[in-house]
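Numbering (our numbering), first residue to last: 26 to 118.
We put the beta carbon where it would ideally sit given N, CA and C, even for glycine.
For clarity, every value in this text was computed on a predicted model and none was experimentally measured.
These notes are about the structure you will find just below.
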């Protein structure tokens, strides 16, 4: 049974918060010593990895591998949340 897109969206929101907090912690500790947009690029890469893992897990858990429309929807939702999360993070920074 499909766990539902609402749960998937909640997972994406939680992941956004985790990635933001982890990045800010590492940044505060001096792990990211770079100029300009490199910090934001690193954040985006971290977020992308997290969201790709969530999307892949959702697709596998719900057996959507052969449903191209459903896979596309999952990836679109993840992309929308990634954009939102990145926008929120750029305001924090």
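Compute the distance between the beta-carbons of residue i and residue j, then report whether it is under 9 Å.
i, j, result
"residue 103", "residue 79", "yes"
"residue 116", "residue 41", "no"
Could you give the DSSP three-state label for residue i: helix, strand or coil?
i, result
"residue 29", "coil"
"residue 77", "helix"
"residue 49", "helix"
"residue 105", "helix"
"residue 112", "helix"
"residue 63", "helix"
"residue 90", "coil"
On the criterion of 16 or more Cβ atoms from any shown chain inside 10 Å, does residue i qualify as buried, or is it exposed?
i, result
"residue 94", "exposed"
"residue 36", "buried"
"residue 45", "buried"
So residue i packs on residue j, CB below 8 Å; how close in whole Å?
i, j, result
"residue 114", "residue 68", "6 Å"
"residue 111", "residue 72", "7 Å"
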